[in-house]
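*Asks:*
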Amino acid sequence: MTCSPRGLDAAAAPATPLPPDAEVRVYRRRWLLLGLFASVIALNAVPWLQYCVIEDVVVRYYSVPEEVVEWTSLVFNVTAMLLAFPAAWLLGRHGLRTSVLVGAVGTALGMWLKVAGCWPDYFWVSLMGQAVVSASTNFVINSPARFAAVWFPDNEVSMALGAALFGQMAGFSVGSALAPLTARSSWSQEDIFWGFLQLNLSLAALATVLLVLVIWLFQDAPPLPPSPAQASAKAAKASADKSSSAQSLASDQPLTPTATSNFMASMRRICTNLHFLLLLTSYTLLVAVFVAINTLLNRFVLEFFPDRGADAGWLATLMTLTGMGGIAVVSAALDRTKWFKELCVAVYAGSLATCVMYTVVLGRSSIDMVYWAAAGMGMFMSSFFVAGLEMAAELTYPEPEGNPTSIVNWMFQPFSLVTTLVYARLFADFGADAANYFLCGLLALGLVATMATPKKYMRLHAEVSSRGGEDAVKAPTAAPPPA
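At position 359 of the sequence shown (counting the first as 1) the number is 359 in UniProt numbering, and the numbers step up by one without a gap.
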C-alpha cells in the first residue's frame, strides 16, 4: 500500500494482511526502556536554552555580542538541517539501539566539551559543545514515534510518544530553570565561572551514566510485536525485502542494499503525500514560532522589564512545565478517543489565541500577565508536538514511523532559523508589536493548513481491520469518495 494521495483516497484501503501464525505480545520491560529513553532525550534537551535565557550574563562573562549567544540555540537548527535525514537512515538501517546509542555518545561528548568551555576565554569551546549535543539530538529525536510503535500496544502508543516528548520538555525546563540559578548579572566573574562549572560538570557526569545504561540495557525491539499493526508492518517489510532479493537472484544481479533503496522509496512516497504535506506545513510554522519566542525571550523581557532579566529563565521554565502538562493530557486523549485531527485543530487554535494574548500584554501590562500568556503558549504549542507526530504516523502508515518524523524535524529547522532571524530584525527595526504579530500571522496560516488536513487514519484502520468485527466500521476515518 502506497502513501500517495491516490492510495489514501479510500480510508478502507486494505491493510497488509496479518500472517495467520503471527504472535503479538506486550513486554513489561517496555516501561524500563521508556524511562531510560525519556531520560536520554531530557538530558540532551537541557542545553538548548541554557545560555539564551541568561543572555545578558553570557555577553558580559565571555565578552561576546548578543547575536553570538543566540547561536548557542540556533546551532540546533543548523545541525538538524545537515543530519536529520542521515539520522533517519541510520534509524531505519540499524535500528533503535544504534540510533539512541549514537545520540547518547554525542550528548556525553558535547557535555564534557561544555565543561572545558567554562573559562571566559573559551566560549568557542562551549559553542562547539553545543554543536556536538545538537548533532546528537537528531539521533534521538527521530526515534520516539518508532520506539512507541515498536514497544507499546496500540492503546498506549500516544502515551509512550507523549512520555518521550515529555522528557524533552522536562529537559528544556531544567535547562531554563538552572541557568539563572547558577549565573546572575549581579555576580562576579569568579562566581559565574563556578556556577557554569558546577552545572556543566554535573550534566556531563549524568550524561556519562546514561551512556553506560544505554549500552547495558537498551534493546532494539521486542522478540514479538506488541500490536497487530506492527505485526502487519513487520510482515510487509519482510515480504518487500524477500521480493527484492528474489528479483535480484532471478536476474542474475548482485543483491542490492535493500535497506537504503527502501528508505529512499519510503521518503519519496511520504514527500508526495499531499495530506502529509499539509500537516508538515502547520507543524513547521508552529515550531518555528515556538523556537523564535524562546530564543529571544531574554531580549524581549529586558526591553520592557529591565530589572527582571532572570524572569526570562522562569518564563521559559513555565512554558515547558505547562507544555509537559499539555502533552500528558493530549496523549491520554489521543489514546482514548483517536480524535487526531480534532485535537490538532483545538491545540493549534489555542496556540494562536495565547500568542495574540502574549503580543497584547507584553509592554502593556505587568509581568504577571506575561507569565499567564507564556503558560498558555507553552501548554498549547507543546501539545501539538505529540498530536502532530501521531497524525503524521496515521497519514503515512505503513511507512516506518521514523521517516515522517525525520522529515518533520528537518523541515522546521531552516524555517525556525529564518523565522528567528526575521523576528529579531523586526523587533530591532519596528518594535515588539510588529515582531509578535508576524508570529501570529504564521500561526494563522498554520491553523488553516491544519483544518485542511483530511482525516485519513491509515494506522488506526490497520488496527481495527486486523482485529476484525464491527470495530472496523467504527474507525473515525474519512468517508469514501462518492462514486
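For each residue, glycine too, the CB sits at the ideal point set by N, CA and C.
Once DSSP output is grouped into helix, strand and coil, what is the label at residue 24?
*Replies:* Here residue 24 is taken as the residue at index 24 of the sequence shown, counted from 1. Of the three classes helix, strand and coil, the one that applies to residue 24 here is coil, per DSSP.
*Asks:* Quick one: what does DSSP say residue 51 is sitting in, helix, strand or coil?
*Replies:* Along the sequence shown, read from residue 1 onward, the residue named residue 51 stands at position 51. Three-state DSSP puts residue 51 in coil, outside helix and strand.
*Asks:* From this set, 455, 86, 58, which residue's C-alpha is nearest residue 279's C-alpha?
*Replies:* Position 279 of the sequence shown holds residue 279. Nearest C-alpha to residue 279: 455.
*Asks:* Identify, in the order they occur along the chain, each residue of the same chain with its Cβ nearer than 7 Å to the Cβ of residue 88, setting aside the five sequence neighbours on each side.
*Replies:* Against the sequence shown, residue 88 aligns to sequence position 88. Counting only Cβ-Cβ distances below 7 Å, and skipping sequence neighbours, we find 142, 402, 403, 406.
*Asks:* What is the rounded straight-line gap between the Cα of residue 418 and the Cα of residue 231?
*Replies:* To locate residue 418, count along the sequence shown from 1; it is residue 418. To locate residue 231, count along the sequence shown from 1; it is residue 231. Distance between the alpha carbons of residue 418 and residue 231: 41 Å.
*Asks:* Give the secondary structure of residue 457 by DSSP, where H, G and I count as helix, E and B as strand, and everything else as coil.
*Replies:* Mapped onto the sequence shown, residue 457 falls at position 457. Here residue 457 sits in coil by DSSP.
*Asks:* Work out the CA separation of residue 452 and residue 250 for me, nearest whole Å.
*Replies:* Residue mapping note: residue 250 aligns to position 250 of the sequence shown, counting from 1. Residue mapping note: residue 452 aligns to position 452 of the sequence shown, counting from 1. Residue placement at residue 250 is poorly supported in this model, since its pLDDT is 48, which falls under 50; the coordinates are not used for a value here.
*Asks:* Excluding the 5 residues preceding and the 5 following residue 343 in the sequence, name in chain order all residues of the same chain whose CB lies nearer than 7 Å to its CB.
*Replies:* If you number the sequence shown from 1, residue 343 lands on position 343. Cβ neighbours of residue 343 beyond the five flanking positions: 330, 333, 334, 387.
*Asks:* Which of helix, strand or coil does DSSP assign to residue 249?
*Replies:* Position 249 of the sequence shown, counted from the first residue, corresponds to residue 249. Because the pLDDT of residue 249 is 42, which lies under 50, any placement of that residue in the model is unreliable, and the number read from its coordinates should be weighed accordingly. Correct three-state label for residue 249: helix.
*Asks:* Using C-beta distances below 8 Å, list every residue in its chain close to residue 66, excluding the 5 sequence neighbours before and after it, in chain order.
*Replies:* As a working note, residue 66 is residue 66 in the sequence shown. Cβ neighbours of residue 66 beyond the five flanking positions: 55, 59, 299.
*Asks:* How about residue 316 and residue 166: do their beta carbons lie closer than 8 Å?
*Replies:* One-based indexing of the sequence shown puts residue 316 at position 316. One-based indexing of the sequence shown puts residue 166 at position 166. Cβ atoms of residue 316 and residue 166: not closer than 8 Å.
*Asks:* Can you tell me the Cα-Cα spacing of residue 193 and residue 53, whole angstroms?
*Replies:* Here residue 193 refers to the residue found at position 193 of the sequence shown. Here residue 53 refers to the residue found at position 53 of the sequence shown. Cα to Cα, the separation comes out at about 17 Å.
*Asks:* How far does the alpha helix (DSSP H) with residue 30 in it reach, from first residue to last?
*Replies:* On the sequence shown, residue 30 is found 30 positions in, with the first residue counted as 1. Element bounds for residue 30: 29-45.
*Asks:* Mind checking whether residue 350 and residue 385 have CB atoms under 8 Å apart?
*Replies:* Looking up residue 350 in the sequence shown gives position 350. Looking up residue 385 in the sequence shown gives position 385. No, these two residues do not count as a Cβ contact at 8 Å.
*Asks:* Mapping DSSP to helix, strand and coil, what is residue 338?
*Replies:* Here residue 338 refers to the residue found at position 338 of the sequence shown. The answer is coil: DSSP assigns residue 338 none of H, G, I, E or B.
*Asks:* Could you give the DSSP three-state label for residue 64: helix, strand or coil?
*Replies:* As a first step, residue 64 is located in the sequence shown; it is residue number 64 there, counting from the start. Looking at residue 64 - three-state DSSP - the assignment turns out to be coil, as it is neither helix nor strand.
*Asks:* Would you identify the three-state DSSP class for residue 272, choosing helix, strand or coil?
*Replies:* Position 272 of the sequence shown, counted from the first residue, corresponds to residue 272. In this structure, residue 272 counts as coil in the three-state DSSP scheme.
*Asks:* In or out: residue 252 buried (at least 16 other Cβ within 10 Å) or exposed?
*Replies:* In the sequence shown, counting from the first residue as 1, residue 252 sits at position 252. Reliability of the predicted coordinates at residue 252 is poor, the pLDDT of 47 falling under 50, and no value is obtained from them.
*Asks:* Count the other C-beta atoms from every protein chain shown that fall within 10 angstroms of the C-beta of residue 276, then say buried if there are 16 or more, exposed otherwise.
*Replies:* Indexing the sequence shown from 1 puts residue 276 at position 276. Result: buried.
*Asks:* I'd like to know whether the C-beta atoms of residue 218 and residue 97 end up nearer to each other than 8 Å.
*Replies:* For the purposes of this step, residue 218 is taken as residue 218 along the sequence shown, with counting starting at 1. For the purposes of this step, residue 97 is taken as residue 97 along the sequence shown, with counting starting at 1. Against a cut-off of 8 Å, the Cβ pair of residue 97 and residue 218 comes out as a contact.
*Asks:* Which one of 173, 352, 269 has the shortest CA to CA distance from residue 282?
*Replies:* Here residue 282 corresponds to residue number 282 of the sequence shown, with the count starting at 1. Considering only alpha carbons, the answer is 352.
*Asks:* Once DSSP output is grouped into helix, strand and coil, what is the label at residue 224?
*Replies:* Against the sequence shown, residue 224 aligns to sequence position 224. Coil, per DSSP.
*Asks:* Under 7 Å: does the beta carbon of residue 105 sit that close to some heavy atom of the ligand PLP?
*Replies:* Absence of the ligand PLP from the depicted structure is noted, as is the absence of any ligand whatsoever, leaving it without description.
*Asks:* Let me confirm a value: residue 310 is counted as buried when at least 16 other C-beta atoms fall within 10 Å, else exposed. Which label applies?
*Replies:* Here the question's residue 310 lines up with position 310 in the sequence shown. With 16 or more Cβ atoms within 10 Å of its Cβ, residue 310 is classed as buried.
*Asks:* According to the Cβ coordinates, are residue 157 and residue 100 closer than 8 Å?
*Replies:* On the sequence shown, position 157 is the one that residue 157 refers to. On the sequence shown, position 100 is the one that residue 100 refers to. Contact: no.
*Asks:* From 80, 348, 421, 122, pick the residue whose C-alpha is nearest to that of residue 295; which is it?
*Replies:* Locating residue 295 in the sequence shown gives position 295, counting from the first residue. The residue with the shortest Cα to Cα distance from residue 295 is 421.
*Asks:* Check for me: the alpha helix (DSSP H) holding residue 191 runs from which residue to which?
*Replies:* Here residue 191 corresponds to residue number 191 of the sequence shown, with the count starting at 1. Taken as a continuous stretch (DSSP letters only), the alpha helix (DSSP H) holding residue 191 covers 189-217.
*Asks:* Using the rule of at least 16 other Cβ atoms within 10 Å of the residue's Cβ for burial, across every protein chain shown, is residue 131 buried or exposed?
*Replies:* Locating residue 131 in the sequence shown gives position 131, where the first residue counts as 1. Looking at its Cβ environment, which holds 16 or more other Cβ atoms inside 10 Å, residue 131 is buried.
*Asks:* For residue 409, which residues from the same chain have a beta carbon less than 8 Å from its beta carbon, with the 5 sequence-adjacent residues on both sides left out?
*Replies:* Along the sequence shown, read from residue 1 onward, the residue named residue 409 stands at position 409. The residues are 80, 84, 138, 141, 142.
*Asks:* Looking only at its own chain, which residues have a Cβ that is under 6 Å from the Cβ of residue 434, when we skip the five neighbours before and after it?
*Replies:* Translated into positions along the sequence shown, residue 434 becomes position 434. Same-chain partners within the cutoff: 426.
*Asks:* In terms of alpha-carbon separation, which member of 26, 25, 91, 70 lies closest to residue 400?
*Replies:* On the sequence shown, residue 400 is found 400 positions in, with the first residue counted as 1. Closest option to residue 400, Cα to Cα, is 91.
*Asks:* Taking the beta carbon of residue 209 as the centre, do at least 16 other beta carbons fall within 10 Å, making it buried, or is it exposed?
*Replies:* One-based indexing of the sequence shown puts residue 209 at position 209. Residue 209 should be labelled exposed.
*Asks:* Taking contact to mean at least 3 C-beta pairs separated by less than 8 Å, is the segment 123-130 in contact with the segment 363-383?
*Replies:* Cβ pair count under 8 Å is below three, so no.
*Asks:* Under three-state DSSP, which class holds residue 400?
*Replies:* Indexing the sequence shown from 1 puts residue 400 at position 400. It is coil, neither helix nor strand.
*Asks:* Report yes if the CB atom of residue 327 is closer than 8 Å to the CB atom of residue 169, and no otherwise.
*Replies:* In the sequence shown, counting from the first residue as 1, residue 327 sits at position 327. In the sequence shown, counting from the first residue as 1, residue 169 sits at position 169. A contact, by the Cβ cut-off of 8 Å.
*Asks:* How long is the line joining the alpha carbons of residue 198 and residue 114, rounded to whole angstroms?
*Replies:* Here residue 198 is taken as the residue at index 198 of the sequence shown, counted from 1. Here residue 114 is taken as the residue at index 114 of the sequence shown, counted from 1. Distance between the alpha carbons of residue 198 and residue 114 is about 11 Å.
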